[in-house]
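A short write-up of the structure that comes next.
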Ligand SMILES: [Mg+2]
Ligand SMILES: [Zn+2]
Ligand SMILES: [Zn+2]
Ligand SMILES: [Zn+2]
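What follows is the structure, given as structure tokens:
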């Protein structure tokens, strides 16, 4: 077992004192060089061997340990002159403002001190916390004149990032870090608490550096390139600069150089120390590498997306995980995930050997690491871990005993977590049951694509294997796919049919669709219904063919009743409900599909589907999963018998139709010209609140939009349900009628930022047109259809509109990603307590009742706690009978 | 033109605010098992708070009828500007700095 070397009990934050720095240092670094000509580290240089080892094979000169064992040791640099620590500059300013420039005391009299001290003592956490009281104390002091020595009032100005001035009247005096340090030193110990300094670990004057710690070489290892040229870490480069300038500053001071030169060098030292801490300090030009690359110094190592926190601490890499391409498998359950065998034999689950599973575990161990349901390691009762190999497997199996732990390979039925990035919502990680399969991809049921937003054009997904019994059962109970059919966001199914399942359901259940007994038996067999929901007797008893509706109702719970309008509903003026002559009103009573065609409105994911919603909410998630699994398999079988395809002839329109469309478009073009002529003659009537140009544009846009709609409507007359593309559009399987009319009739107006295309050349969109041409054609109206093909200018206009769409999506994802991160950070700790209040992690109440109504959307019906309408409907209909 | 005085309490979008008595507010704190600093806050400079005359330290009850449930009750602890003061500038400053560095 891995032994924890040291356990962290508490962490105390404070400021390092110069003494501390010297005490923890093993070496005063005085030489700015790293290696000599022979490649040997220079003594007292930045790579001195006492600072730790980075070469395998060498031993540390301080602790004697090898590379990897030696943690490295700090050195230090004695600064010739003190410098401000940028990270503390703001605090230094606040303190300077509130203490007296002469006596160093906080500028408050005894009574005021008592008052604030009292407040500090009884500070609670949210409304009156210590931070706020300290701020109040210091603000008050900053505005006062020293009550102790009556020193005159001077204001301290802070110029970012590290310069302080003292101002009085017209005069102004720069405070050097030495001055600043002197003032901070004068602050009496009893004032520390009131200015927010913990006297046990910090002193304000330590915010001005006199000694600089040099991090161990293990923190800034040099790398050797192929050409055996050594390349130093950015931090080392920066430390070289600091030592060099420090050296020159010291020499100049010792030689009694003019004040001006000393000050310049001092300022330079301040610059280097500043950029050493943070190379993106505002107001300071960033330090660069010789190549012009900006150096990555301490702050850059920690902050941002690539920093230590977000990249290495919040984003740790984990064991027991796998990632590969996903591909579809309609024959596995929505609860399952197909795991390639080579992945399964790598991932292991620790399983304790008991009297109950001893024999089973022996078999598994005997399989060894290379035969699938095998095992890779055994942990014996003495805690020793032993690798199982083909040569040792039989011996290991022999000595296997109760109390051992076998790290057995992943096998069918294990619970794993499955995830696809970006993990934008809860459903981006769900628990699946493993199905070990050949080949190299993860297999996924198509109904689960919508919550993951997965498709199979090369998408990859991650799989994680929980290692404890608790984790596995928790995942299985609350994260299982079937428990997430209803979205927690809008309370309707996010997992459900799509594409071929929808059009297939339509083909199967529409009026007149019939299947012979042989076909039905075959389909039932393929989809696992035969001998499960329907016995073979069903076929012995009848000779007449089955209707599609009869096929479908086999899958429904026996006492289910629902009614809803199908997706194909024509929204007639007066709905005939159950008597709809287009078969567009679905009536299911006592598990019988009496009327209506099944399509998108019944079980399509993310589309307020009624049937699936009802089944899951009234009969539970087991029934919901069962329904989805069997209905999809049945539909696949049926659609393969009926056949569904689409081709360019699906959008063919007869000659007279094309003539009609041309006529509509021609009329529109003429109307546009009339408007333009009226405008040119100055006869166009101005709309209120618009310029005359806007009026013209709006009229033209309206005219052309109307024309496109009419052309589309004209085309739609010929686009009947015989065409498969239309079936797909109308049932909600894929596409919509607008897409189809754009293919058949006319694309319509291309726009950029909601306006007709007008930019590109002087007063025209392309050089093919006259300047100032406002006609439909010259401003991006595409009268061709995709079927007919676009003219070169139309094609160009079309790509302009398309480009705007691409840019929009790119910008939107970046912005919404940022917003999402901020929201998650703000809300991540909120939780619903037992008394149904929502609270954060310090117990502050956020809502007195969850969502202000206490309703969990995934348990509600259409946002309400109970579906009153349905209850009333059911009561009324039952009373009629 | 004469200035017309508008009472914002008459506006239908302003929910009903009432000041709780000492006993009532204690009852609420007991019900949710909290001290009043754990309640949602409202500034004493809030227009409605000023009109109903609530003072820093009071607990007010707000009944909203526009919530999805039809009616929802909120309790807020009134705080004076003095209590809140420390928070602002610095925090905003830091957030802006952090953002510009990152994005
Ligand atoms: Mg994809
Ligand atoms: Zn060492
Ligand atoms: Zn003084
Ligand atoms: Zn209808």
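Chains as they are written, first to last, in this note's numbering: chain A, 3 to 883; chain B, 59 to 161. Using N, Cα and C, we set each Cβ at its ideal position, and we do this for glycine too.
So residue 846 (chain A) contacts chain B; which residues on that side make the cut at Cβ distance below 7 Å?
Here the neighbours are 96.
Assuming residue 374 (chain A) and residue 297 (chain A) form a contact by the criterion Cβ under 8 Å, report the distance between their Cβ atoms to the nearest whole angstrom.
Incorrect: roughly 52 Å between the Cβ atoms, too far for contact.
Taking all protein chains shown into account, do 16 or more other C-beta atoms lie within 10 angstroms of the C-beta of residue 817 (chain A), making it buried, or fewer, making it exposed?
Under this definition residue 817 (chain A) is an exposed residue.
Could you run through the stretch 812-837 of chain A and flag, in chain order, every residue whose CB is less than 8 Å away from some CB of chain B?
The stretch 812-837 of chain A vs chain B, Cβ under 8 Å: 820 and 837.
Which residues of the stretch 76-95 of chain B have a Cβ closer than 9 Å to any Cβ of chain A? Give them in chain order.
Result list: 89, 90, 91, 92, 93, 94 and 95.
Any beta carbon of chain E sitting closer than 7 Å to that of residue 854 (chain A)?
You won't find chain E in this structure, because its protein chains are A and B.
Using the Cβ count rule (16 or more neighbours within 10 Å means buried), how would you classify residue 10 (chain A)?
With fewer than 16 other beta carbons inside 10 angstroms of its own, residue 10 (chain A) counts as exposed.
Identify whether residue 440 (chain A) lies in helix, strand or coil by the three-state DSSP scheme.
For residue 440 (chain A), the three-state secondary structure derived from DSSP is coil.
Using only the alpha-carbon positions, how far apart do residue 467 (chain A) and residue 346 (chain A) sit?
When the Cα atoms are used, residue 467 (chain A) and residue 346 (chain A) turn out to be separated by approximately 10 Å.
For residue 291 (chain A), count the other beta carbons within 10 Å of its own beta carbon; 16 or more makes it buried, fewer makes it exposed. Which is it?
Burial check for residue 291 (chain A): the Cβ neighbour count within 10 Å stays below 16, so the residue is exposed.
Got a list of residues with beta-carbon closer than 5 Å to any non-hydrogen atom of ligand 2, in chain order?
Output, sorted by chain position: A:62, A:64, A:65 and A:72.
Which residues count as close to ligand 1 when the rule is a CB under 5 Å from any of its heavy atoms, in chain order?
One residue list follows from the rule of a beta carbon closer than 5 Å to any heavy atom of ligand 1, given in chain order as A:457, A:459 and A:461.
Does residue 688 (chain A) pass the burial test, meaning 16 or more other C-beta atoms within 10 Å, or should it be called exposed?
Exposed: under 16 other Cβ atoms inside 10 Å.
Helix or strand or just coil, what does DSSP make of residue 432 (chain A)?
Residue 432 (chain A) falls in the strand class under three-state DSSP.
Give the single residue among A:123, A:144, A:591 and A:218 whose Cα lies nearest to the Cα of residue 102 (chain A).
Minimum Cα distance to residue 102 (chain A) is reached at A:144.
Pull up the DSSP beta-bridge partners for residue 567 (chain A), would you.
Answer by DSSP bridge pairing, in chain order: A:587.
Can you tell me whether DSSP reads residue 77 (chain B) as helix, strand or coil?
If DSSP states are grouped into helix, strand and coil, residue 77 (chain B) belongs with the strands.
What does residue 839 (chain A) touch in chain B if you count any residue whose Cβ is under 7 Å from its own?
In chain order: 90.
What I want to know is whether the C-beta of residue 931 (chain A) ends up closer than 6 Å to one or more non-hydrogen atoms of ligand 3.
Residue 931 (chain A) lies beyond the stretch modelled for chain A, which goes from 3 to 883, so this question has no answer here.
If the cut is a Cβ gap below 9 Å, which residues of chain A does residue 71 (chain B) touch?
Correct list: empty, because the minimum Cβ distance to chain A is about 16 Å.
Give me the DSSP bridge partner(s) of residue 841 (chain A).
DSSP lists A:833 and A:847 as partners of residue 841 (chain A).
Would you tell me roughly how many angstroms separate the C-alpha atoms of residue 785 (chain A) and residue 734 (chain A), rounded to the nearest one?
Between residue 785 (chain A) and residue 734 (chain A), the C-alpha separation is close to 27 Å.
In the DSSP assignment, the beta strand (DSSP E) including residue 659 (chain A) goes from what residue to what residue?
If you look at residue 659 (chain A), you'll find it isn't in any beta strand (DSSP E); it sits in the alpha helix (DSSP H) that goes 657-682.
Does the beta-carbon of residue 153 (chain A), which I'm using as the reference point, lie nearer than 6 Å to any heavy atom of ligand 3?
Correct: residue 153 (chain A) has its Cβ closer than 6 Å to ligand 3.
Would you say residue 150 (chain A) touches ligand 3, meaning its beta carbon is less than 6 Å from a heavy atom?
Yes; taking the cut-off as 6 Å, the Cβ of residue 150 (chain A) has a heavy atom of ligand 3 nearer than that.
Here's the rule: buried if 16 or more other CB atoms are within 10 angstroms of the residue's CB, otherwise exposed. What is residue 542 (chain A)?
Result: exposed.
By DSSP, does residue 175 (chain A) sit in helix, in strand, or in coil?
The three-state reading of DSSP puts residue 175 (chain A) in strand, counting E and B together.
Report the rounded CA-to-CA distance for residue 829 (chain A) versus residue 847 (chain A), giving the unit in angstroms.
For residue 829 (chain A) and residue 847 (chain A), the gap between their C-alpha atoms comes out near 13 Å.
Close Cβ partners of residue 146 (chain B) (< 7 Å) along its chain, the five nearest in sequence each way excluded
Caution is warranted here: a pLDDT of 49 is assigned to residue 146 (chain B), below 50, making its placement in the model unreliable, and the coordinate value is therefore given only provisionally. Take residue 146 (chain B), set aside five residues on each side of it, and no residue of its chain has a beta-carbon closer than 7 Å to its own.
Cut-off 7 Å between Cβ atoms - residues of its own chain near residue 738 (chain A), not counting five sequence neighbours on either side:
731, listed in sequence order.
When the Cα of residue 593 (chain A) is compared with those of A:615, A:570, A:563 and A:618, which residue comes out closest?
Cα-wise, what sits closest to residue 593 (chain A) is A:563.
Closest by C-alpha distance to residue 165 (chain A), when choosing among A:392, A:86, A:677 and A:545:
If we check each option's Cα against that of residue 165 (chain A), A:86 comes out closest.
DSSP state of residue 602 (chain A), grouped into three classes?
Residue state, collapsed to three classes: helix.
Among all the DSSP beta bridges, which residues are the ones paired with residue 130 (chain B)?
As computed with DSSP, residue 130 (chain B) is found in a beta bridge with B:122.
Ordered along the chain, which non-local residues of its own chain (more than five positions away) have a Cβ less than 7 Å from that of residue 531 (chain A)?
These residues qualify, in order along the chain: 556, 632 and 636.
For residue 285 (chain A) and residue 463 (chain A), I'd like the C-alpha separation in whole angstroms.
So the two alpha carbons sit approximately 44 Å from each other.
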